[in-house]
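For the protein sequence lines, the chains are A and B, in the order given.
Following the working numbering, the numbering of the first sequence begins with 294 at its first residue and continues without gaps.
Following the working numbering, the numbering of the second sequence begins with 2 at its first residue and continues without gaps.
Ideal placement from N, C-alpha and C gives every residue a C-beta, glycine not left out.
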Amino acid sequence: MVLEIYAYQCKKCGQLHYPFRMVCKKCGNKEPFEFDTVPLPKNGKLLTFTTVHNLPPDFNVAKLTLGIVELENGMRITGQLKAPSPKIGMAVRGKVETVREAEYSKNFGMVFYPA
Amino acid sequence: MREVYVVGIGITSFTRLEYPLSEIAAYPAMIALKDAGLSKVDHVYVANMASARANHQTGLASAVVDTLSLTPAGAEVIENGPASGASAIKQGFMAVASGLHDTVLVTSAERLREVNNLEATDIVASLSHPLAEYIYGVTLPSLAAMFTRLYMQKYGVTERHLAMVAVKNHDNALLNFFAHLHEKITIEGILDSPEAMTNNPYVAEPLRFFDCCPVSDGGAAVILASAEVAKQLKKPLIRLAGVGQATDTHCVHERAEPTDLLAVRGAAAKAFHMAGVSPADVNVAELHDAFTILEIVESEEVGFFKKGEGHLALERGETRLGGRLPINTSGGLKAKGHPVGATGVGQAHEIVLQLRGEAHKRQVKDARIGFTCNFGGFGNNVVCLVFKREN
């Protein structure tokens with residue numbers, strides 16, 4: 294099974310949104326839940342990044358690299374970054390993996406690797 | 002709409018405080034009541050962000066109003082993340098301006114040092130989008146760091162500019178008894194010397210330890226009143242002349258231009274419009290420098306300097322004490338401290354001191370118009386205030 298992160302496409306005007314919202318930002322369609330789910334593309338380029346050294350207690354690591362990626366359809370997503378020497382503009386490819394685990398919860402999210 | 006005046010102010014030290022949260026809110030309120038010469042108010046607003054999670058206390062306003070023996074005055078908590086303070090002042094403004102109340106106490110408190118550093122980081126990180134940011138380990142420093150990297154690339158801001166903000170605000174805090182950090186720092190010590198990486202390690206690259214505000218406990222209070230009440234109290238007349246608020250996308254990645262802070266721009270424009278003044282008229286300002294980069298960017302977005310030129314004004318010394326427009330004379334969040342929900346009221350406290358001419362060694366000469374910018378989330382909810390001295 295391939296795991297996906299979904300964008301939400303307005304049924305009225307076709308505008309894509311990520312993350313989920315209840316009302317379309319472009320056309321303002323007020324009918325509830327008028328969105329189709331569309332998998333986000335996996336390829337993109339790195340817009341910006343940081344390595345965080347002070348993390349919430351759930352993370353049992355000393356540091357973690359995070360980034361914002363501009364995907365090939367122009368949408369953006371925040372995710373974790375596993376690249377030895379990240380650079381702004383570098384090509385990356387995402388995989389949906391476990392990004393955070395606590396006692397009673399497990400979260401999946403996008404992890405980017407050099408393309 | 003009626004005119005609204007600030008008739009009393011009070012503050013605690015911003016530091017680690019070892020007494021209960023309700024007393025952290027009540028103590029500055031008592032100072033403010035004494036300062037105003039009032040023993041009763043019509044209504045109480047209490048600004049706070051994290052009492053439920055950090056202090057196991059809910060319904061904080063009920064505790065505060067009773068601690069102060071101000072019952073049966075109405076009271077409620079205003080929670081708007083790090084902008085809770087200015088939001089509470091805005092609520093007080095609306096209550097007096099509308100004619101519903103003649104006197105309103107706006108107090109505030111935060112006690113995040115009751116929990117450990119990692120827990121505090123997590124509580125503040127819960128401001129980010131739960132599914133699209135928080136799960137990845139996004140913290141406020143990480144959002145600020147990603148923003149800083151883009152800003153450096155686009156506008157030529159360097160780590161040296163960030164360090165200059167820290168040095169300036171630490172210097173100002175040395176003149177403020179109530180500030181959290183009374184510590185003289187130098188560019189050499191935090192950037193240039195061989196020990197710089199030990200003194201000033203990275204928190205979220207490219208932001209270092211001295212680019213981030215401390216986690217502070219503390220509280221501050223102001224009393225707002227109608228013109229009729231204010232004119233009887235024989236205090237300098239400081240009018241809350243402009244109030245502006247604006248919001249932006251919850252997720253930082255959804256912003257069309259990631260180096261813009263549109264909520265800051267919008268909130269400031271509204272506040273200036275209501276007050277009938279322009280950014281060029283401001284004599285002293287408190288900006289929300291939770292991270293050093295934010296002082297530079299906010300100084301541009303509110304209209305003091307052109308976009309991309311805030312760091313140049315900083316280089317020229319325009320924003321230090323004695324400069325054309327001193328910013329963060331209190332030490333700012335960077336050195337005065339950041340008791341999250343109380344910060345906005347703390348900023349208003351400093352501006353009122355300045356406009357009254359009571360800021361002692363850090364007094365800005367002849368200050369008549371003051372400005373505050375209180376920044377919620379990572380720029381998704383911003384409240385700006387304009388204060389004017391009228392006599």
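Original post:
How far does the alpha helix (DSSP H) with Ile79 of chain B in it reach, from first residue to last?
Top reply: Note, Ile79 of chain B: premise wrong, no alpha helix (DSSP H); beta strand (DSSP E) at 75 to 79.
**OP:** Identify the contact partners of Arg150 of chain B in chain A, using a Cβ-Cβ distance below 9 Å as the criterion.
**Re:** One finds Thr341, Phe342, Thr343, Ile381 in chain A with Cβ atoms closer than 9 Å to the Cβ of Arg150 of chain B, taken in chain order.
Original post:
Is the Cβ-Cβ distance between Ala336 of chain B and Thr373 of chain B less than 9 Å?
Top reply: Their beta carbons are not under 9 Å apart, which means Ala336 of chain B does not touch Thr373 of chain B by this criterion.
Original post:
Are Ser279 of chain B and Gly311 of chain B close, meaning C-beta to C-beta below 9 Å?
Top reply: The answer is no: Cβ separation not under 9 Å.
Original post:
Got a sec? Which residues, its chain only, sit under 8 Å from Phe352 of chain A by beta carbon, not counting five neighbours each side?
Top reply: Sequence-distant partners of Phe352 of chain A (beyond 5 residues in either direction) whose C-beta falls short of 8 Å from its own C-beta, in its chain, are Arg393.
Subject >> Contacts of Ser52 of chain B in chain A (Cβ-Cβ under 9 Å) >> reply: Ser52 of chain B does not reach chain A, its nearest Cβ partner there being about 19 Å away, counting only Cβ pairs nearer than 9 Å.
Subject >> Through-space distance from Val139 of chain B to Ala126 of chain B, alpha-carbon basis >> reply: For Ala126 of chain B and Val139 of chain B, the distance between alpha carbons rounds to 7 Å.
**OP:** Alpha carbon to alpha carbon, how far is Lys389 of chain B from Val78 of chain B? Give it in angstroms, no decimals.
**Re:** Here the C-alpha atom of Val78 of chain B lies approximately 27 Å from the C-alpha atom of Lys389 of chain B.
**OP:** Return the bridge partner residues of Glu111 of chain B from the DSSP annotation.
**Re:** Residue pairing of Glu111 of chain B in beta bridges, as defined by DSSP: B:Gly219.
**OP:** Could you tell me which chain B residues have their CB closer than 8 Å to the CB of Gly337 of chain A, listed as they occur along the chain?
**Re:** The premise fails here: Gly337 of chain A is roughly 11 Å from chain B at the closest Cβ pair, so nothing lies under 8 Å.
Original post:
Should Glu206 of chain B be flagged as near chain A, meaning a C-beta pair shorter than 9 Å?
Top reply: With 9 Å as the cut-off, Glu206 of chain B counts as an interface residue toward chain A.
Original post:
Using a beta-carbon distance below 9 Å, is Gly372 of chain A in contact with chain B?
Top reply: Gly372 of chain A belongs to the set of residues whose beta carbon lies under 9 Å from a beta carbon in chain B.
Original post:
Under 9 Å, do Gly371 of chain B and Val285 of chain B count as touching if we go by C-beta distance?
Top reply: Their beta carbons are under 9 Å apart, which means Gly371 of chain B touches Val285 of chain B by this criterion.
Original post:
Taking the C-alpha atoms as reference points, what is the distance between Tyr30 of chain B and Val7 of chain B?
Top reply: The question names Tyr, but residue 30 of chain B is Ala in the sequence shown. About 13 Å.
Original post:
Apart from the five residues on each side of it in sequence, which residues of its chain come closer than 8 Å, Cβ to Cβ, to Leu313 of chain B?
Top reply: The answer, listed in chain order, is Phe306.
Subject >> Alpha carbon of Lys338 of chain A to alpha carbon of Thr371 of chain A, nearest angstrom >> reply: Near 12 Å, if we compare the C-alpha coordinates of Thr371 of chain A and Lys338 of chain A.
Original post:
When you compare each of B:Asp123, B:Tyr46, B:Lys362, B:Arg357 to Leu238 of chain B by their alpha carbons, which one comes out closest?
Top reply: Of the candidates B:Asp123, B:Tyr46, B:Lys362, B:Arg357, B:Arg357 places its Cα closest to the Cα of Leu238 of chain B.
**OP:** Quick one: which residues of the segment 116 to 140 of chain B get their C-beta closer than 7 Å to a C-beta of chain A? List them in chain order.
**Re:** Residues of the segment 116 to 140 of chain B with a Cβ closer than 7 Å to any Cβ of chain A, in chain order: Leu119, Glu120, Thr122, Asp123, Ala126, His130, Leu132, Ala133, Glu134, Ile136, Tyr137, Gly138, Val139, Thr140.
Original post:
Where does Val158 of chain B sit, in a helix, a strand or coil, going by DSSP?
Top reply: Of the three classes helix, strand and coil, the one that applies to Val158 of chain B here is coil, per DSSP.
Original post:
Whose Cβ in chain B lies nearer than 7 Å to the Cβ of Phe352 of chain A?
Top reply: Chain B residues near Phe352 of chain A: Gly138.
**OP:** Kindly list, in the order they appear in chain B, the residues whose Cβ is closer than 7 Å to that of Pro312 of chain A.
**Re:** Near Pro312 of chain A (Cβ distances below 7 Å), the residues of chain B are His130, Leu132, Ala133, Cys252.
Original post:
Just the Cα atoms here: how many angstroms apart are Glu134 of chain B and Cys252 of chain B?
Top reply: The alpha-carbon atoms of Glu134 of chain B and Cys252 of chain B are separated by roughly 7 Å.
Subject >> Closest by C-alpha distance to Met403 of chain A, when choosing among A:Lys304, A:Pro379, A:Asn336 >> reply: When only C-alpha atoms are compared, the closest one is A:Asn336.
**OP:** Report buried or exposed for Tyr301 of chain A, applying the criterion of at least 16 other Cβ atoms within 10 angstroms of its Cβ.
**Re:** Classification for Tyr301 of chain A: buried.
**OP:** State the DSSP-derived secondary structure class of Ala286 of chain B, mapped to helix, strand or coil.
**Re:** Strand.
Original post:
Gln154 of chain B touches chain A at which residues, Cβ-Cβ below 7 Å?
Top reply: Neighbours of Gln154 of chain B on chain A, chain order: Ile381.
Original post:
Looking at the structure shown, is Ser227 of chain B part of a helix, part of a strand, or coil, going by DSSP?
Top reply: Three-state DSSP puts Ser227 of chain B in a strand.
**OP:** For the segment 83 to 100 of chain B and the segment 41 to 54 of chain B, state whether three or more C-beta atom pairs, one from each stretch, are separated by less than 8 Å.
**Re:** Because the criterion of three Cβ pairs below 8 Å is met, the segment 83 to 100 of chain B and the segment 41 to 54 of chain B touch.
Original post:
What does Asn400 of chain A reach in chain B if we use C-beta pairs closer than 7 Å?
Top reply: Near Asn400 of chain A (Cβ distances below 7 Å), the residues of chain B are Ile136.
Original post:
What residues in its chain sit with their C-beta under 6 Å from that of Leu192 of chain B, if we drop five residues either side in the sequence?
Top reply: Only Ala164 meet the Cβ criterion.
Original post:
Do Ser85 of chain B and Ser63 of chain B come within 9 Å of each other at the CB atom, strictly closer than that value?
Top reply: The Cβ atoms of Ser63 of chain B and Ser85 of chain B lie no closer than 9 Å to each other.
Original post:
With burial defined as no fewer than 16 other Cβ atoms inside 10 Å of the residue's Cβ, what is the status of Arg321 of chain B: buried or exposed?
Top reply: Buried, because 16 or more other Cβ atoms sit within 10 Å of the Cβ of Arg321 of chain B.
**OP:** Round the Cβ separation of Val362 of chain A and Phe313 of chain A to the nearest angstrom and send it over; I've been treating them as touching at under 8 Å.
**Re:** At roughly 18 Å, the Cβ-Cβ gap does not stay under 8 Å, so Val362 of chain A and Phe313 of chain A are not in contact.
**OP:** Quick one: residues in its chain with C-beta nearer than 7 Å to the C-beta of Gly1 of chain B, no 5 flanking neighbours on either side, listed in chain order?
**Re:** Because chain B is modelled from 2 through 392, residue 1 of chain B falls outside the range shown and cannot be assessed.
Subject >> Residue-level contact to chain A via CB, Pro259 of chain B, 9 Å cutoff >> reply: Taking Cβ atoms only, chain A reaches closer than 9 Å to Pro259 of chain B, which makes this a yes.
Original post:
Buried or exposed: which applies to Pro350 of chain A, given that a residue is buried once 16 or more other Cβ atoms fall within 10 Å of its Cβ?
Top reply: Pro350 of chain A is exposed by the Cβ-count criterion.
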